[in-house]
Amino acid sequence: MPNPSEHRLPFEAPIYEMETRLTEMEASYAKNRAGGENPGLAEQIRRLRRELAGLKRVIYANLEPWQTVQVSRHPQRPQTRNYIDLIFDQFLELHGDRAIGDDKAIVTGLAHLGDGKVMIVGHQKGKNLAERTACNFGCAHPEGYRKALLKMRMAAKFGLPIVSFIDTPGAYPGIAAEERGQASVIAESLMAMSQLDTPIICVIIGEGGSGGALGIGIGDRLAMLEHTYYSVISPEGCATILWKASEHAPKAAESLKMTSRDLLRFGIIDEIIPEPLGGAHRDHREAAAVLKSYLIRALGEIAAQPRGELLQRRYEKFRRMGVFVEGGHALNGPPAPVA
Amino acid sequence: MSLRPGGQANTWHGHFEPKRVPEGVWMRCEGCQATLFRKRVEQNLNVCHECNYHFSVSAVDRIAQLLDADTFEEWFPDLRPGDPLGFNDRRPYPERVRAEQERTGLNEAAIVGQGFIKGIRIVFGLTDSGFIMGSMGSVVGEKLTRAIEEATLQRLPLVIVSGSGGGARMHEGILSLMQMAKVSSALARHHAAGGLYISVLTHPTMGGVAASFASLGDIILAEPKALIGFAGPKVIAQTVRVQLPSGFQTSEFLLEHGFIDRIVHRRDLRSMLAQLIDYASP
Ligand SMILES: [Zn+2]
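Protein sequences, first through last, are from chains A and B.
For any residue, its number in the numbering used here is found by taking its place in the first sequence, counting from 1, and adding 40.
For any residue, its number in the numbering used here is found by taking its place in the second sequence, counting from 1, and adding 5.
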């Protein structure tokens, strides 16, 4: 039901409007029920419910790239900790990076998934202002990536598959972050993840912001929730470079081809995980159920592969990425004009 | 990989001139603001003789400075960028690429191949910070990855000189970001096979280049006063809203914080590389 404290995206206005009308009708139906059934109103309500579902479907099937960015950043959108609660059992958080401190922008820990056990790493943005401040809005420092890598190494040591939830605007751009080697730590993480001898599944659950996202993003399966983005640069950053103003972010979002459909087309991700009608923020449980079944299926597929091929296949997966022209022939991906 | 090095070799004799240096007898030093006699700077490997400021050098000059004369053999020179996004940064990306090719005389920001340093055969790569800010798109990622794979296969020492203000190239979007993963994966195999990799950082080395191959050397060297970091200083200043400390993100800053091994003057780089390779050789 619509809740006035909800964060409303501008393009969702017709949905909220129809939901309000539906709520009113339902209230009126309930109030007058004592005086006998009203088959006419009941039929109207049924029809409006169908219309509402259709409206959501139409709006969400045709999101502009910038609207997708807005949905991916929706404050009510489920975050790593929500998925941990809704998908996994017996989560046991591990905090230590053994060097600097506990970065709350990345959560790591052990958990049960169905019949198996896994290591979870994921960005956490925070739900309210206090949490968001503590989490730096999901922008991790080097200690966050250190913690993640340490836990992933432990997972590989004990044969635990790794589930990585990516949801960050980017790695934190700050003085301390540079002093502690942000670039070095992310580089180290990319190199190490490519060699961790345990299955790794990476899912973009919200924002896939550049190197900060990639820093926990090397795996055997890459998937994106339907209404998320994954990009080399934020749309605001791109707009600032190209048009000297972040207001042009919608145009940049379009140019960067950063939606789940674009990435599937480029062969970067394996799969788009559908979201509940009207976006994951409207139904955490449903979003989690679909994500859970994806994780279990993907882990099963990797387990069914011949043993010993895991790292070779992971290498080849990233090895293929890129679009260029050689000897007049376009290679890898869609045909590209010769520059 | 269908293309083996040597198959498409193209030996360099420095037949095109670097065009980045503006004309004129005199030039101003960006380090000490002194007015310098250009010829003298050029004779000094593009280093200011007053303050040791290291001006950027073109790919051709860098190869001439570091490798034994006429030993460099370029690999994969005919790789060209595509335009997967149909990107338009005030001009269409293919046009931008063509303009950069004409301006710099290079096909792309990276050059890879093999050469000799004091008689030792090495695989050598560099990114030229003058070509679309030395940014890494699919071609840079592919060339470096192939070069790394060759170094691993042939058990040769690998040296990469990085110069990139642009990091991962925006114009190729997510494909550029994935080059970081691709190159780093190849380096993981090179290290696992016992291969030597020396990374040399020059001004500037930022973003996705710093956060991948540039930071993954057994040994990491940097030229003096180079800007090296993940986020650009402007972005950081806007985020933290305090004055950035002086010398922030310089080679000296990175040395101080433990992220590089040595700062090396350009005139010493060649002999330092030879010495280091010798230490790592059986
Ligand atoms: Zn000077």
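Backbone N, C-alpha and C fix where the C-beta goes; we use that ideal spot for every residue, glycine too.
Quick caveat: nothing in here was measured; it's all calculated off a predicted structure.
{"Check": "Beta carbon proximity, Gly156 of chain A to chain B, threshold 9 Å", "Outcome": "no"}
{"Check": "Residues bridged to Met264 of chain A (per DSSP)", "Outcome": "A:Ile244, A:Ile312"}
{"Check": "Residue range of the unbroken alpha helix (DSSP H) whose run includes Val109 of chain A", "Outcome": "105 to 112"}
{"Check": "Tyr269 of chain A - DSSP class collapsed to helix/strand/coil", "Outcome": "strand"}
{"Check": "Identity of the residue in B:Gly237, B:Lys230, B:Glu261 nearest Phe36 of chain B by Cα", "Outcome": "According to the sequence provided, residue 36 of chain B is Gly. The question's Phe does not apply to it. Measuring from the Cα of Gly36 of chain B, the nearest candidate turns out to be B:Lys230."}
{"Check": "Simplified DSSP assignment, three categories, for Val26 of chain B", "Outcome": "Because Val26 of chain B sits at a pLDDT of 48, beneath the cut-off of 50, its placement in the model cannot be relied upon, and the point is left open."}
{"Check": "Residue-level contact to chain A via CB, His208 of chain B, 9 Å cutoff", "Outcome": "no"}
{"Check": "Arg267 of chain B classed as buried or exposed, judged by whether at least 16 other C-beta atoms fall within 10 angstroms", "Outcome": "exposed"}
{"Check": "Helix, strand or coil at Val365 of chain A according to DSSP, with G and I counted as helix", "Outcome": "strand"}
{"Check": "Bridge partner(s) assigned by DSSP for Ser190 of chain B", "Outcome": "Per DSSP, none; premise fails for Ser190 of chain B."}
{"Check": "Close-in-space but distant-in-sequence residues of the same chain around Ala216 of chain A (CB under 7 Å, 5 per side omitted)", "Outcome": "His181"}
{"Check": "Short Cβ contact (9 Å threshold) for Gly249 of chain A with Lys187 of chain B", "Outcome": "no"}
{"Check": "Proximity below 9 Å, CB of Ser204 of chain A to CB of Val243 of chain A", "Outcome": "yes"}
{"Check": "Cβ-heavy atom distance, Gly36 of chain B to ligand 1, below 8 Å", "Outcome": "yes"}
{"Check": "Close-in-space but distant-in-sequence residues of the same chain around Val30 of chain B (CB under 8 Å, 5 per side omitted)", "Outcome": "Phe42, Arg43, Lys44"}
{"Check": "Residues bridged to Thr120 of chain A (per DSSP)", "Outcome": "Beta-bridge pairing links Thr120 of chain A to no other residue."}
{"Check": "Residue burial classification, Ser234 of chain A (beta-carbon count within 10 angstroms, cutoff 16)", "Outcome": "buried"}
{"Check": "Residue ranges of each alpha helix (DSSP H) within the region 123 to 147 of chain B, 4 or longer", "Outcome": "none"}
{"Check": "Reduced DSSP secondary structure (H/G/I, E/B, other) of Tyr355 of chain A", "Outcome": "helix"}
{"Check": "C-alpha distance - Cys56 of chain B paired with Val46 of chain B, whole-angstrom precision", "Outcome": "11 Å"}
{"Check": "Alpha carbon of Leu304 of chain A to alpha carbon of Ser333 of chain A, nearest angstrom", "Outcome": "20 Å"}
{"Check": "Asn57 of chain B CB to nearest heavy atom of ligand 1 below 8 Å", "Outcome": "yes"}
{"Check": "For Arg297 of chain B, the first and last residue of its enclosing beta strand (DSSP E)", "Outcome": "Outside the displayed range of chain B (6 to 287) lies residue 297 of chain B, so it cannot be described from this structure."}
{"Check": "Nearest candidate by alpha-carbon position, reference Leu200 of chain A, set A:Gly136, A:Ala343, A:Lys167", "Outcome": "A:Ala343"}
{"Check": "Proximity of Asp310 of chain A and Leu262 of chain A at Cβ, strictly below 9 Å", "Outcome": "yes"}
{"Check": "Beta-carbon proximity list for Val26 of chain B, same chain, < 7 Å, skipping 5 on both sides", "Outcome": "With a pLDDT of 48 at Val26 of chain B, under the threshold of 50, the predicted position of this residue should be treated as unreliable, and no value is reported."}
{"Check": "9 Å Cβ cutoff met for Gln164 of chain A and Ile146 of chain A", "Outcome": "yes"}
{"Check": "Start and end residues, alpha helix (DSSP H) containing Val240 of chain B", "Outcome": "238 to 245"}
{"Check": "heavy atom of ligand 1 below 8 Å from Leu189 of chain A C-beta", "Outcome": "no"}
{"Check": "Closer than 7 Å at the beta carbon, the chain B residues around Glu219 of chain A", "Outcome": "His262"}
{"Check": "Nearest to Met277 of chain B (by Cα), restricted to the options B:Ala242, B:Leu71, B:Thr255, B:Val52", "Outcome": "B:Leu71"}
{"Check": "Gln110 of chain A vs Phe177 of chain A beta-carbon contact at 9 Å", "Outcome": "no"}
{"Check": "Nearest residue (CA-CA) to His176 of chain B, options B:Gly142, B:Val52, B:Ser220, B:Leu274", "Outcome": "B:Gly142"}
{"Check": "For Gly149 of chain A, the first and last residue of its enclosing alpha helix (DSSP H)", "Outcome": "Where Gly149 of chain A is concerned, there is no enclosing alpha helix (DSSP H), although the beta strand (DSSP E) it sits in stretches over 146 to 153."}
{"Check": "Outcome for Lys239 of chain B when other beta-carbon atoms lying within 10 angstroms are tallied against a minimum of 16", "Outcome": "exposed"}
{"Check": "Ser217 of chain B and Gln184 of chain B closer than 9 Å at C-beta", "Outcome": "yes"}
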